[in-house]
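Notes for the one structure printed next.
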Amino acid sequence: MAEAETTGSTQAGPKITLIWLNESRAQRIVWLLEELGLEYEVKAYKRREDKQAPAELKEFHPLGKAPVLIIDGRTLAESGFIVEYLVDRFGPRLKPPTDDADNYLQYKHLLHYAEGSLQPYLLLALVVSMIKGAPVPFFIKPITSRIADQLSKPFITPNLVSNFDYLESLLKGKLFFVGNELSGADILLSFPVESAAGRVGSWFNKEKYPNLFAWMDRIKERPAYTQAHDKVAKIEANL
Numbered sequence: 059m060a061e062a063e064t065t066g067s068t069q070a071g072p073k074i075t076l077i078w079l080n081e082s083r084a085q086r087i088v089w090l091l092e093e094l095g096l097e098y099e100v101k102a103y104k105r106r107e108d109k110q111a112p113a114e115l116k117e118f119h120p121l122g123k124a125p126v127l128i129i130d131g132r133t134l135a136e137s138g139f140i141v142e143y144l145v146d147r148f149g150p151r152l153k154p155p156t157d158d159a160d161n162y163l164q165y166k167h168l169l170h171y172a173e174g175s176l177q178p179y180l181l182l183a184l185v186v187s188m189i190k191g192a193p194v195p196f197f198i199k200p201i202t203s204r205i206a207d208q209l210s211k212p213f214i215t216p217n218l219v220s221n222f223d224y225l226e227s228l229l230k231g232k233l234f235f236v237g238n239e240l241s242g243a244d245i246l247l248s249f250p251v252e253s254a255a256g257r258v259g260s261w262f263n264k265e266k267y268p269n270l271f272a273w274m275d276r277i278k279e280r281p282a283y284t285q286a287h288d289k290v291a292k293i294e295a296n297l
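If you're matching positions, the sequence shown starts at 59 in the numbering used here and goes up one per residue.
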């Protein structure tokens with residue numbers, strides 16, 4: 059069952075509805091909407107016991123995933139596309155100008171990189187953790203643990219290390235991923251980087267990745283991030 063809440067500014071603007079799901083990538087879209095100062099409604103849904111999205115989400119998009127943004131009657135899916143659309147239309151300050159070619163191309167690259175290169179390995183890490191934690195008989199447990207380790211050690215972990223090493227290098231001498239100003243790329247990358255802390259292992263730590271952890275502290279200090287966090291907490295409490 060969905061919980062609906064209208065939030066944001068009171069200025070006249072487009073009619074925006076965010077289809078939101080707990081424990082999903084929709085959280086960062088709330089942050090972006092707050093950064094842009096837009097008025098929006100949240101239709102919130104809760105995952106089923108099996109952690110899958112409820113069937114009701116297919117009323118908004120055939121894939122039944124979240125986030126989905128409905129704006130002035132148009133339905134937008136895919137986090138990267140939603141971020142790009144909102145920034146292009148309402149928040150040019152959240153992207154470099156096109157005549158700043160190096161930063162602009164880096165920004166566009168990161169919008170695709172976050173979902174295309176980084177997120178798949180995090181999903182695999184989540185699947186492996188679910189295999190390891192699966193409620194199976196004790197005599198089966200060594201088998202499932204071995205399968206998980208064979209996926210993780212030679213394949214998932216090395217690729218995650220490469221990706222986070224890359225992101226760490228991008229922040230060298232910079233406050234944000236595209237220069238010293240927040241951009242849509244930072245908002246899009248917030249979910250995979252923050253979720254990594256509880257998903258990929260103890261090797262992802264402040265000592266190994268000081269730039270990434272300083273960046274996480276930095277974005278959490280932004281008023282819009284705090285407002286989004288508080289709104290999401292309220293939504294989750296009412297589900």
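All C-beta atoms, glycine included, are put in the ideal place defined by N, C-alpha and C.
| Can you give the Cα-Cα distance for N263 and Y224, rounded to whole angstroms? | N263 and Y224 have their C-alpha atoms some 15 angstroms from each other.
| Three or more beta-carbon pairs under 8 angstroms between the region 71-82 and the region 90-105, yes or no? | Counting Cβ pairs under 8 angstroms, three or more are found: they touch.
| Residues that R132 bridges to, as DSSP identifies them | Answer is I129, bridged to R132.
| query | E107 bridges to which residues according to DSSP? | reply | E107 is not bridged by DSSP to any residue.
| task | Would you grab the beta carbon distance between P125 and A84 for me? Rounded to a whole angstrom, and I think it's under 8 angstroms. | result | With 8 angstroms as the limit, P125 and A84 qualify as a contact, their Cβ atoms being about 4 angstroms apart.
| In chain order, what residues of the same chain have a beta carbon less than 6 angstroms from the beta carbon of P150, not counting five sequence neighbours either side? | Excluding sequence positions up to five before and after P150, its CB lies less than 6 angstroms from no other CB in the same chain.
| Does the Cβ-Cβ distance between L115 and L168 come in under 9 angstroms? | No, the pair does not count as a contact, with Cβ atoms beyond the cut-off.
| query | Going by the CB atoms, is the gap between W89 and A286 shorter than 9 angstroms? | reply | Judged by their CB atoms, A286 and W89 are nearer to each other than the 9 angstroms cut-off.
| message | If you reduce the DSSP assignment to three classes, tell me which class Y98 lands in. | response | Residue state, collapsed to three classes: strand.
| request: Sort I293, S82, L176 by Cα distance to G122 and report the nearest one. | output: For G122, the nearest C-alpha among the options comes from S82.
| query | Hey, how far is the Cα of Y283 from the Cα of D157? | reply | So the alpha carbons of these two residues sit roughly 29 angstroms apart.
| message | Measuring straight from C-alpha to C-alpha, what distance separates P281 and S220? | response | P281 and S220: Cα-Cα distance of roughly 32 angstroms.
| said: Judging by CA-CA distance, which residue of E136, L218, L134 is the nearest neighbour of P178? | reply: Ranking E136, L218, L134 by Cα distance to P178 puts L218 first.
| message | Comparing C-alpha positions only, which one of R257, K109, W78 sits nearest to K101? | response | Scanning R257, K109, W78 for the CA closest to the CA of K101 turns up W78.
| query | When you compare only the Cα positions, how much space is there between P120 and I87? | reply | If you take the alpha carbons of P120 and I87, they lie about 20 angstroms apart.
| query | How long is the line joining the alpha carbons of L144 and I214, rounded to whole angstroms? | reply | So the two alpha carbons sit approximately 32 angstroms from each other.
| said: If you measure between the beta carbons of L233 and E239, is that distance less than 9 angstroms? | reply: Their beta carbons are under 9 angstroms apart, which means L233 touches E239 by this criterion.
| field | Neighbourhood of S241 by C-beta, 6 angstroms cutoff - its chain only, sequence neighbours within 5 removed | value | Excluding positions up to five away in sequence, the list reads L152, K153, Y165.
| Applying the criterion that 16 or more other CB atoms from any shown protein chain within 10 Å of the CB defines a buried residue, is K230 buried or exposed? | The residue is exposed, with fewer than 16 neighbouring Cβ atoms inside 10 Å.
| Own chain, CB closer than 7 angstroms to I140, minus 5 neighbours either side, in chain order | Non-local beta-carbon contacts of I140 in its own chain, meaning distances under 7 angstroms to residues more than five positions away in sequence, involve I87, P125, L127, L134 in chain order.
| field | Reference D160, options L91, F271, K289, G237, closest by Cα | value | Out of L91, F271, K289, G237, G237 has the C-alpha closest to the C-alpha of D160.
| said: DSSP three-state label for T215, please. | reply: Residue state for T215 is assigned as helix, using DSSP reduced to three classes.
| query | If we count the other Cβ atoms within 10 Å of its Cβ and call it buried at 16 or more, is D275 buried or exposed? | reply | That one is exposed.
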